[in-house]
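2 protein chains.
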Amino acid sequence: MTVNRAQQKEKTRRLIIDAAFRLLSQERSYSSLSLREVAREAGIAPNSFYRHFEDMEELGLTLVDEGGVALRQLMRRARQRIRDEGSVISASVETFMEFIHSSPQVFYLLLRERSGTSMAFRKAVSRELQYFIVELADYIQQTQGYPAADAKIQAEAMVILVFNAGADALDCKPAELKQLTDKAITQLRYIARGADEFLKGRRSESKKSASRSDK
Amino acid sequence: MTVNRAQQKEKTRRLIIDAAFRLLSQERSYSSLSLREVAREAGIAPNSFYRHFEDMEELGLTLVDEGGVALRQLMRRARQRIRDEGSVISASVETFMEFIHSSPQVFYLLLRERSGTSMAFRKAVSRELQYFIVELADYIQQTQGYPAADAKIQAEAMVILVFNAGADALDCKPAELKQLTDKAITQLRYIARGADEFLKGRRSESKKSASRSDK
DNA sequence: ACTTTAAGTATACAAGTGTACGCTGAAAAT
DNA sequence: ATTTTCAGCGTACACTTGTATACTTAAAGT
């Protein structure tokens, strides 16, 4: 049986991508990986790498894109959970914590490259996080009726805090995980409540609006 | 004139430390520096490095400690400014933004090693940030009268947001800096207000307490 | 005055890196 | 049936890295 050439190429490309993800860990950042190391892990010759990516940066940006896909799947799961539980905040935080433990490599990548040395990487990660922020901002805007700008500022703060709680979660013992989750939930509730107090004056004439931000 | 041997050694040690800081930039993280590179920048032979530090990790931890000193000086400046301006939040955020632009290298180090691959580094940075958090938590506790645990959760959220705003500030054009600062201030005000709303119920019997968290 | 100590150096080596060059073999195009 | 294309490989080269060993030399200790 003759395999399609393009199919074979795609297969090798996957080998490289998977190898790179496999090499990421708490002790190993993407920027510390060498081309030869990735090739070795993928089971190909160093030079074969160039048939698929210009250089390590191009591979890295591809990984960030793939990470973004995983993040958006996460969002879908979180949305489902919000419908089930009713509380946006705790559902989101808990879903995110589960994600970090099920796909730590993706999180390592995003966490570190977000503040890394490559502008291209920082922008790529930032773009992926914007999906989260915009989606959350929309939700806030719809349920709370805040102006778009204010909703986004609030959403951004929330995403940053959840992200940071995730980073802490990687270092902590499983026993402390719940405590950490609760802390993040509390912090997000402060924000939700504070924003509500600040903004309810501005929409006092509008009479619809449910005034509480999280049950 | 004969110079004291210990003095000379200390001088060379400083050369190394300063060289390492000088090499840090938006494009260069500490973990990407090589021993030889630092030695070259310091103007000494590679092997001389070992007369002062066991390895690059030890030097790095020293840099974090020095960064901590800079941070605590910053806190002092912020405290002064709070007295002058009256608003804790805007004074703190603005002081921090100025710090980032006057000592970017220190900030690069703390920002990246905070989520880096070395547990020792992460702990060291975390310890330095705790000074900030504890100090801010004390202030909140004293002025607002919240329980210590709640004050700390609030302080932590605030420090994380300011830190992240700082990271964004490094990438943005000077024109957008004010906008970014204002955003962070707004986020911190949400937290302060939200925490106040959540906690004022609990201290309803106490009659002293000024209820507003920021002027 | 002599010896000891130790900061700084020069040389050297093994290991790892990115990548240029040329080849192979099989799939695709003609 | 013949030619072209191209994914993957082997070899090679110039570099950089950490660090071991052995040295110099001037300060400190005796």
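Protein chains in written order, with our numbering: chain A, 1 to 215; chain B, 1001 to 1215. Built from N, CA and C at the ideal position, the CB exists for glycine as well. Quick caveat, the model's predicted, so the values are computed rather than measured.
Assign residue i to one of three DSSP states: helix, strand, or coil.
| i | result |
| --- | --- |
| Ser1103/B | coil |
| Arg114/A | coil |
| Ser1029/B | coil |
| Ser34/A | coil |
| Ile1218/B | As displayed, chain B neither begins before 1001 nor continues past 1215, which places residue 1218/B out of reach and without an answer. |
| Leu1129/B | helix |
| Val134/A | helix |
| Asp55/A | coil |
| Pro1174/B | helix |
| Asn1004/B | coil |
| Tyr1146/B | coil |
| Gly67/A | helix |
| Leu1024/B | coil |
| Ser1087/B | coil |
What does residue i touch in chain B if you count any residue whose Cβ is under 9 Å from its own?
| i | result |
| --- | --- |
| Ala192/A | Tyr1190, Gly1194 |
| Ser32/A | Ser1031, Ser1032, Thr1117 |
| Arg28/A | Thr1117 |
Cutting at 8 Å between CB atoms, please list the residues of its own chain near residue i, excluding the five before and the five after it.
| i | result |
| --- | --- |
| Val1159/B | Leu1129, Phe1132, Ile1133, Leu1136 |
| Arg1122/B | Glu1113, Arg1114, Ser1115, Gly1116 |
| Met1001/B | Unreliable placement is indicated for Met1001/B, whose pLDDT of 43 sits below 50; the coordinate value is still reported in the next sentence. Correct list: empty, nothing qualifies. |
| Ala149/A | none |
| Phe1053/B | Ile1016, Leu1059, Thr1062 |
Considering only residues of the same chain and omitting the five flanking positions on each side of residue i, which have a CB-CB separation below 6 Å?
| i | result |
| --- | --- |
| Phe198/A | none |
| Tyr108/A | Leu24 |
| Ser1206/B | Confidence at Ser1206/B is low in this model, with a pLDDT of 47, below 50, so the placement of that residue is unreliable and no value is reported for it. |
| Thr1143/B | none |
Can you tell which of the options has the C-alpha that lies nearest to the C-alpha of residue i?
| i | options | result |
| --- | --- | --- |
| Thr12/A | Leu24/A, Val38/A, Arg72/A | Val38/A |
| Ile1044/B | Met1075/B, Ala1020/B, Ala1155/B, Arg1076/B | Ala1020/B |
| Leu1170/B | Gln26/A, Ser118/A, Ala70/A | Ser118/A |
| Leu1180/B | Arg22/A, Glu156/A, Ala6/A | Glu156/A |
| Gly60/A | Gln144/A, Val106/A, Met75/A, Lys9/A | Val106/A |
| Arg193/A | Gln154/A, Cys172/A, Leu161/A | Gln154/A |
| Ala42/A | Ala124/A, Glu54/A, Arg22/A, Val88/A | Arg22/A |
Just the chain A side, please: which residues come within less than 8 Å of residue i by C-beta, in chain order?
| i | result |
| --- | --- |
| Lys1183/B | Ile153, Glu156 |
| Arg1122/B | Asp171 |
List, in chain order, every chain A residue whose beta-carbon is nearer than 7 Å to that of residue i.
| i | result |
| --- | --- |
| Ala1167/B | Ser115 |
| Ile1160/B | Ile160, Leu161, Asn164 |
So, at 7 Å on beta carbons, what are the nonlocal neighbours of residue i in its own chain, with the 5 sequence-adjacent residues on each side left out?
| i | result |
| --- | --- |
| Gln1141/B | Ala1148, Ala1151 |
| Glu10/A | none |
Which residues in chain A sit within 9 Å of residue i, going by Cβ to Cβ distance?
| i | result |
| --- | --- |
| Ser1087/B | Correct list: empty, because the minimum Cβ distance to chain A is about 15 Å. |
So residue i contacts chain B; which residues on that side make the cut at Cβ distance below 8 Å?
| i | result |
| --- | --- |
| Leu111/A | Ser1115 |
| Glu197/A | Arg1193, Gly1194, Glu1197 |
Could you work out which residues of chain B lie near residue i, taking near to mean beta carbons separated by less than 7 Å?
| i | result |
| --- | --- |
| Thr186/A | Ile1153 |
Per the contact definition of three or more C-beta pairs closer than 8 Å, is the stretch 157-177 of chain A in contact with the stretch 93-101 of chain A?
-> Judged by Cβ distances under 8 Å, the stretch 93-101 of chain A makes contact with the stretch 157-177 of chain A, as three or more pairs qualify.
Contact the stretch 1182-1190 of chain B vs the stretch 1090-1097 of chain B: 3+ CB pairs below 8 Å = In the pairwise beta carbon analysis, the stretch 1182-1190 of chain B is classified as touching the stretch 1090-1097 of chain B: at least three pairs are separated by under 8 Å.
How about the stretch 1027-1039 of chain B and the stretch 1106-1125 of chain B: do they share at least three Cβ pairs that are nearer than 8 Å?
-> A contact is defined here as three or more CB-CB pairs under 8 Å, and the stretch 1027-1039 of chain B meets this definition with respect to the stretch 1106-1125 of chain B.
For the stretch 1044-1056 of chain B against the stretch 1006-1018 of chain B, are there 3 or more C-beta pairs whose distance is under 8 Å?
-> Verdict: yes, contact present.
Assess, as a yes-or-no matter, whether the stretch 1187-1194 of chain B is touched by the stretch 1080-1093 of chain B under the definition of 3 or more beta carbon pairs within less than 8 Å.
-> Segments in contact, yes.
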